[in-house]
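In the order they appear, the protein sequences are chains G and U. The working numbering applies: residue 332 is where the first sequence begins, and numbers increase by one. The working numbering applies: residue 332 is where the second sequence begins, and numbers increase by one. The structure under discussion appears below in the form of structure tokens.
There are 2 protein chains.
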Amino acid sequence: MKRTALIGQLAPYSDQTVTLQGWVNRRRDLGGLIFIELRDRSGVVQVQVEPDSAAFAEADQLRAEYVAEVEGRFQLRPESQRKGGLGDYEVIAARVKVLNAAKTPAFELDKGDQVAEDIRLKYRYLDLRRPEMQRALMLRSKAVAAVTAFLEAEGFVQVETPMLTRSTPEGARDFLVPSRLSAGEFYALPQSPQLFKQLLMIAGFDRYYQLARCFRDEDLRADRQPDFTQLDMEMSFVEQDDVLELQERLMAHVFREVLGVELPLPFPRLSYQDAMDRYGSDKPDLRFGLEFAEMTDLFAGGGFKAFASAASVKAIVAPELTRKQIDELERVAKQNGAGGLAWLRREGKGFTGGISKFVGDLAPELIARTGVPEGGTLLFAAGEWKKAVSALGAVRLALRDLFGLAAAGPAFHVSWVVDFPQLDYDEDSASWTYMHHPFTAPHPDDVALFGTARQGEIRAQAYDLVLNGFEVGGGSVRIHDPEVQAKMFAAIGMSDADAREKFGFFLDALASGTPPHGGIAWGFDRLIMVMAGAASIREVIAFPKNNRGADLMAGAPSVVDAPQLAEVGVAVLAGE
Amino acid sequence: MKRTALIGQLAPYSDQTVTLQGWVNRRRDLGGLIFIELRDRSGVVQVQVEPDSAAFAEADQLRAEYVAEVEGRFQLRPESQRKGGLGDYEVIAARVKVLNAAKTPAFELDKGDQVAEDIRLKYRYLDLRRPEMQRALMLRSKAVAAVTAFLEAEGFVQVETPMLTRSTPEGARDFLVPSRLSAGEFYALPQSPQLFKQLLMIAGFDRYYQLARCFRDEDLRADRQPDFTQLDMEMSFVEQDDVLELQERLMAHVFREVLGVELPLPFPRLSYQDAMDRYGSDKPDLRFGLEFAEMTDLFAGGGFKAFASAASVKAIVAPELTRKQIDELERVAKQNGAGGLAWLRREGKGFTGGISKFVGDLAPELIARTGVPEGGTLLFAAGEWKKAVSALGAVRLALRDLFGLAAAGPAFHVSWVVDFPQLDYDEDSASWTYMHHPFTAPHPDDVALFGTARQGEIRAQAYDLVLNGFEVGGGSVRIHDPEVQAKMFAAIGMSDADAREKFGFFLDALASGTPPHGGIAWGFDRLIMVMAGAASIREVIAFPKNNRGADLMAGAPSVVDAPQLAEVGVAVLAGE
Numbered sequence: 332m333k334r335t336a337l338i339g340q341l342a343p344y345s346d347q348t349v350t351l352q353g354w355v356n357r358r359r360d361l362g363g364l365i366f367i368e369l370r371d372r373s374g375v376v377q378v379q380v381e382p383d384s385a386a387f388a389e390a391d392q393l394r395a396e397y398v399a400e401v402e403g404r405f406q407l408r409p410e411s412q413r414k415g416g417l418g419d420y421e422v423i424a425a426r427v428k429v430l431n432a433a434k435t436p437a438f439e440l441d442k443g444d445q446v447a448e449d450i451r452l453k454y455r456y457l458d459l460r461r462p463e464m465q466r467a468l469m470l471r472s473k474a475v476a477a478v479t480a481f482l483e484a485e486g487f488v489q490v491e492t493p494m495l496t497r498s499t500p501e502g503a504r505d506f507l508v509p510s511r512l513s514a515g516e517f518y519a520l521p522q523s524p525q526l527f528k529q530l531l532m533i534a535g536f537d538r539y540y541q542l543a544r545c546f547r548d549e550d551l552r553a554d555r556q557p558d559f560t561q562l563d564m565e566m567s568f569v570e571q572d573d574v575l576e577l578q579e580r581l582m583a584h585v586f587r588e589v590l591g592v593e594l595p596l597p598f599p600r601l602s603y604q605d606a607m608d609r610y611g612s613d614k615p616d617l618r619f620g621l622e623f624a625e626m627t628d629l630f631a632g633g634g635f636k637a638f639a640s641a642a643s644v645k646a647i648v649a650p651e652l653t654r655k656q657i658d659e660l661e662r663v664a665k666q667n668g669a670g671g672l673a674w675l676r677r678e679g680k681g682f683t684g685g686i687s688k689f690v691g692d693l694a695p696e697l698i699a700r701t702g703v704p705e706g707g708t709l710l711f712a713a714g715e716w717k718k719a720v721s722a723l724g725a726v727r728l729a730l731r732d733l734f735g736l737a738a739a740g741p742a743f744h745v746s747w748v749v750d751f752p753q754l755d756y757d758e759d760s761a762s763w764t765y766m767h768h769p770f771t772a773p774h775p776d777d778v779a780l781f782g783t784a785r786q787g788e789i790r791a792q793a794y795d796l797v798l799n800g801f802e803v804g805g806g807s808v809r810i811h812d813p814e815v816q817a818k819m820f821a822a823i824g825m826s827d828a829d830a831r832e833k834f835g836f837f838l839d840a841l842a843s844g845t846p847p848h849g850g851i852a853w854g855f856d857r858l859i860m861v862m863a864g865a866a867s868i869r870e871v872i873a874f875p876k877n878n879r880g881a882d883l884m885a886g887a888p889s890v891v892d893a894p895q896l897a898e899v900g901v902a903v904l905a906g907e
Numbered sequence: 332m333k334r335t336a337l338i339g340q341l342a343p344y345s346d347q348t349v350t351l352q353g354w355v356n357r358r359r360d361l362g363g364l365i366f367i368e369l370r371d372r373s374g375v376v377q378v379q380v381e382p383d384s385a386a387f388a389e390a391d392q393l394r395a396e397y398v399a400e401v402e403g404r405f406q407l408r409p410e411s412q413r414k415g416g417l418g419d420y421e422v423i424a425a426r427v428k429v430l431n432a433a434k435t436p437a438f439e440l441d442k443g444d445q446v447a448e449d450i451r452l453k454y455r456y457l458d459l460r461r462p463e464m465q466r467a468l469m470l471r472s473k474a475v476a477a478v479t480a481f482l483e484a485e486g487f488v489q490v491e492t493p494m495l496t497r498s499t500p501e502g503a504r505d506f507l508v509p510s511r512l513s514a515g516e517f518y519a520l521p522q523s524p525q526l527f528k529q530l531l532m533i534a535g536f537d538r539y540y541q542l543a544r545c546f547r548d549e550d551l552r553a554d555r556q557p558d559f560t561q562l563d564m565e566m567s568f569v570e571q572d573d574v575l576e577l578q579e580r581l582m583a584h585v586f587r588e589v590l591g592v593e594l595p596l597p598f599p600r601l602s603y604q605d606a607m608d609r610y611g612s613d614k615p616d617l618r619f620g621l622e623f624a625e626m627t628d629l630f631a632g633g634g635f636k637a638f639a640s641a642a643s644v645k646a647i648v649a650p651e652l653t654r655k656q657i658d659e660l661e662r663v664a665k666q667n668g669a670g671g672l673a674w675l676r677r678e679g680k681g682f683t684g685g686i687s688k689f690v691g692d693l694a695p696e697l698i699a700r701t702g703v704p705e706g707g708t709l710l711f712a713a714g715e716w717k718k719a720v721s722a723l724g725a726v727r728l729a730l731r732d733l734f735g736l737a738a739a740g741p742a743f744h745v746s747w748v749v750d751f752p753q754l755d756y757d758e759d760s761a762s763w764t765y766m767h768h769p770f771t772a773p774h775p776d777d778v779a780l781f782g783t784a785r786q787g788e789i790r791a792q793a794y795d796l797v798l799n800g801f802e803v804g805g806g807s808v809r810i811h812d813p814e815v816q817a818k819m820f821a822a823i824g825m826s827d828a829d830a831r832e833k834f835g836f837f838l839d840a841l842a843s844g845t846p847p848h849g850g851i852a853w854g855f856d857r858l859i860m861v862m863a864g865a866a867s868i869r870e871v872i873a874f875p876k877n878n879r880g881a882d883l884m885a886g887a888p889s890v891v892d893a894p895q896l897a898e899v900g901v902a903v904l905a906g907e
């Protein structure tokens with residue numbers, strides 16, 4: 332019952348007798364012959380069964396998605412019928428064997444992209460037979476192997492960190508697991524291996540990696556999963572540049588091995604300030620331009636009141652837009668926090684439409700600063716800096732989608748965003764909090780600013796890896812000095828007692844001989860999604876949950892028996 | 332701050348200036364000089380700091396487990412002081428920098444093996460600094476890389492299966508996870524990816540692998556963890572021999588890459604019947620002999636009542652034993668289900684002691700069958716077959732430990748146990764159940780026995796991988812024919828309705844075009860434990876739970892706030 336090779340690997344067997352195994356992709360009967368398209372994960376080939384052949388009776392039982400074994404001659408089709416690739420070939424069946432029957436599939440596989448996602452998830456074992464899904468998961472597997480080989484060669488040690496760990500009140504909501512042996516107590520599923528990977532550095536492992544399953548019980552947006560996968564890494568005795576340099580080689584290796592794509596090194600680095608100022612995003616899509624022009628000074632104190640007193644005014648150059656397109660872009664700007672979206676159309680040496688009556692003699696300078704061409708549109712956002720640039724950043728992406736701007740650039744553009752703020756001021760609670768996590772090291776030049784009025788200016792030694800406008804990785808150099816750690820806790824209003832209560836064992840570890848260290852985690856699902864050209868991370872996860880957190884195939888979550896609950900010492904709250 | 336190399340990789344830098352980073356393993360002051368043993372994961376080297384050197388003041392601050400950077404000349408020590416390996420070398424410090432201080436460690440690392448395990452677990456970040464622990468985890472990492480490279484080259488696709496899945500009443504107790512989005516419902520953590528890997532075969536992935544985290548809420552024995560790691564694999568269009576052949580090459584590859592050990596191929600195969608008959612174990616340690624001799628016929632109907640009517644009598648040859656040793660071995664036999672342990676000491680042509688008065692003229696045949704030498708001891712177990720051989724199997728292992736018998740054999744002996752029974756009769760419930768799991772395929776020659784009085788004789792296409800007396804892997808060819816699956820469910824008394832209730836979605840999948848397939852899972856923790864020569868799987872897991880399921884370092888499980896519980900819709904049961 333041995334096959335000669337996978338269908339996609341038959342090329343060397345031309346004019347030879349081969350044995351194939353796979354699924355009936357399609358059956359057609361024509362002129363007394365049976366034509367079977369036989370499919371495996373590597374490809375599809377046409378099998379021809381002649382009416383007088385010994386194979387005919389068995390072949391005649393075959394229906395869609397039956398599993399079959401075929402023995403026959405693998406040969407080139409007549410020249411006029413060749414369709415390229417495997418379509419140049421056919422198999423003339425000498426023997427056919429039905430290995431297993433199949434019920435009529437719940438949906439036609441080659442129309443899978445038109446089927447409701449819930450149906451695809453319910454019959455995931457059918458959905459996964461679709462070549463797109465198989466390609467995506469095989470790509471993912473190749474990426475894992477490439478990562479493993481690279482990091483192993485670079486001296487990284489793969490270590491598994493605990494899946495049943497302690498609930499911490501920081502960060503997102505934990506998934507809880509009742510403990511049977513310690514009644515009334517709970518484990519938490521890990522949100523990330525952050526503390527454990529730092530402990531491994533403290534323990535002297537020097538370089539660590541893991542493809543870590545992580546869990547966050549958040550309300551699910553379109554592109555979130557309750558459990559997801561992180562490529563988690565950490566290095567000792569390094570500074571930020573060491574981490575970035577190694578990460579660039581790793582990413583280039585993965586793209587080369589998996590896609591045959593050469594990424595130019597080094598990756599461009601933008602500061603957070605620059606990324607926001609120029610593209611209105613801390614994960615800018617740099618496959619295309621459309622950089623913002625600075626307008627604040629131009630309008631300051633001028634006649635257009637909305638701009639005159641704005642902390643920040645930015646402009647972007649769009650192609651000629653219809654009124655309807657401008658309205659749609661204004662909707663995007665408002666959704667993203669702007670009060671509105673001012674605009675101008677260039678006509679000759681001046682502007683028409685929108686706010687043109689306020690332009691006056693600013694026209695030459697506006698044209699010089701933006702380079703807006705004849706007929707082109709200038710779009711403006713104004714207001715508080717972060718709100719203004721973020722709204723215009725969203726408009727920039729809408730223009731990308733409207734005009735297909737990304738297609739002009741490279742298929743994959745990777746960059747770093749660096750120099751994030753260490754601290755974030757939360758208006759609602761009127762308090763400071765951390766931007767990344769409380770163990771991120773500040774820039775050494777900025778440590779003196781802790782506890783001063785200027786602590787918002789402290790730069791973190793934190794970095795994000797950005798691919799085609801997606802954040803695919805994020806990390807930082809960590810604090811290894813207990814005194815700096817204490818300053819950080821103080822800055823976010825955490826008392827010593829609080830810190831001990833929450834992180835006591837970790838603070839003890841930190842004082843036990845901690846090397847300088849830093850690391851990063853890749854959002855592996857998202858990276859693979861972009862590499863595979865998929866629209867959602869669910870397309871690169873074999874058995875994902877839907878947006879209610881349900882596995883529609885296995886039927887999870889589900890009600891469990893009262894005795895099973897009693898054993899772990901919990902009860903379902905009344906009314907639920 | 333770049334180091335020249337890890338300490339263990341300094342050999343090429345003899346007589347050169349090097350930069351090293353690591354931990355202070357020990358500090359000694361002698362004759363005005365400071366001697367620092369500097370340690371990283373690769374080794375330890377002695378650093379000599381002279382009193383008049385620029386390095387002295389900073390070096391003088393160093394204490395045990397401080398983190399330091401040292402620049403100096405790496406050179407051979409005076410011939411009389413060389414200790415082999417790195418001990419042949421020393422570093423004459425030109426510059427020393429304290430990178431971080433350390434509190435006095437909770438225990439001395441080089442006495443770690445004498446420290447209570449709970450202390451080691453509480454301060455795991457210190458315990459993991461011990462070279463034994465680092466070696467074990469680095470070995471584990473190398474094994475992961477070797478497995479990944481091999482399986483990738485063999486066309487296996489790495490796929491992640493769900494961590495939040497459906498509770499099934501089969502098998503061990505599930506860990507439950509309350510769902511917040513579906514109040515009153517629960518996920519279960521996976522006991523194994525069994526159904527999912529079969530679904531991947533149904534989906535056409537052909538060859539699958541995963542290092543899968545698995546969870547079983549069982550009462551913890553000395554060598555169990557609530558979560559553990561399986562190397563999980565599955566192949567389509569294969570028969571048992573195909574799986575075994577590939578597994579042998581994989582295991583040989585791992586031993587070669589990780590330990591430089593060549594395992595002789597193919598691995599010996601014993602049937603379950605043979606393994607039990609000859610060694611009293613379904614995971615026999617074959618590094619040494621001590622095979623059982625068959626005695627049932629010899630004593631049948633004879634004068635020694637206990638043996639005369641026994642279904643099975645087996646003997647084993649031990650060296651000369653003291654009375655105390657025999658008592659201890661009898662205790663082992665009784666603990667393992669035997670009524671007692673009969674014995675004889677050979678003297679000349681006859682026997683003394685124990686049951687010698689019943690031997691009579693059987694002596695020559697006893698000597699011929701067992702080859703017991705002068706002064707040697709024969710040990711007997713008798714009774715119901717499985718009880719008798721199991722008890723004597725335990726005695727065999729006790730003799731191994733008593734006399735160090737394993738040392739005579741190869742360091743690693745791998746074998747297969749095959750032809751397990753398909754069904755197991757449970758005396759307590761007077762009912763049949765499955766031996767492996769309900770999806771294991773029976774031997775094709777035995778299918779006709781389902782539902783007959785002889786169904787206990789049905790052999791499964793199941794196989795266990797045995798290393799030095801440990802079961803390190805287990806798997807089977809799976810049922811792909813829905814009719815055979817129905818016979819199997821019937822044999823274990825599961826109605827159609829029950830089967831649908833428990834496995835409905837899987838049975839639908841099985842009827843949707845399932846290829847013949849089979850697979851295996853390695854108990855990865857245990858395999859690494861044996862490869863590393865460790866005494867427990869906790870020695871090859873970075874952050875294990877203790878035998879109460881507790882993480883003593885992080886403090887898990889723990890009590891969580893009532894509001895956090897309310898959010899996921901559960902309450903702790905009163906009285907707990």
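Every residue gets a Cβ at the ideal spot worked out from N, C-alpha and C, and that includes glycine.
Check                                                                                                                          : Outcome
Near-chain G residues of the stretch 507–538 of chain U (beta-carbon distance less than 8 Å), N- to C-terminal order           : Leu507, Val508, Pro509, Ser510, Arg511, Leu512, Ser513, Ala514, Gly515, Glu516, Phe517, Tyr518, Ala519, Leu520, Leu526, Phe527, Leu530, Leu531, Ile533, Ala534, Gly535, Phe536 and Asp537
Residue nearest to U/Asp856 in terms of C-alpha spacing, selected from G/Glu448, G/Val490, G/Gln561 and G/Trp354               : G/Val490
N-terminal and C-terminal residue of the beta strand (DSSP E) that U/Leu710 is part of                                         : Thr708 to Gly714
Backbone secondary structure at U/His584 - three-state DSSP                                                                    : helix
8 Å Cβ cutoff met for G/Glu402 and G/Thr348                                                                                    : yes
Closest Cα partner of U/Glu570 within the set U/Gly443, U/Phe801, U/Pro775 and U/Ala673                                        : U/Pro775
Top-ranked residue by Cα proximity to G/Leu693, from G/Ala830, G/Arg413, G/Ala583 and G/Gly632                                 : G/Gly632
Simplified DSSP state of G/Arg600, which is helix, strand or coil                                                              : strand
Reduced DSSP secondary structure (H/G/I, E/B, other) of G/Ala649                                                               : strand
For G/Gln656 and G/Leu733, believed in contact at Cβ under 8 Å, the rounded distance                                           : 7 Å
G/Gly805, DSSP secondary structure in three states                                                                             : strand
Test item: CB-CB of G/Val648 and G/Leu709 under 8 Å                                                                            : yes
Burial state of U/Val644 (16 or more Cβ within 10 Å)                                                                           : buried
Contacts of U/Arg413 in chain G (Cβ-Cβ under 8 Å)                                                                              : None at all; the shortest Cβ gap to chain G is about 26 Å.
Buried or exposed by the 16-neighbour rule on C-beta atoms within 10 Å, applied to U/Gly691                                    : exposed
Local conformation of U/Glu907 per DSSP, three classes                                                                         : Low per-residue confidence applies at U/Glu907: pLDDT is 44, beneath 50, and the placement is therefore not dependable, though the value from the model is reported in the following sentence. Three-state result, U/Glu907: coil.
Touching by the beta-carbon criterion (3+ pairs, under 8 Å), the stretch 449–465 of chain G and the stretch 525–545 of chain U : yes
Euclidean distance between Cα positions of G/Asp548 and G/Asp812                                                               : 32 Å
Short-range partners of chain U found in the stretch 430–449 of chain G, where Cβ spacing is below 9 Å                         : Leu430, Asn431, Ala432, Ala433, Lys434, Pro436 and Ala437
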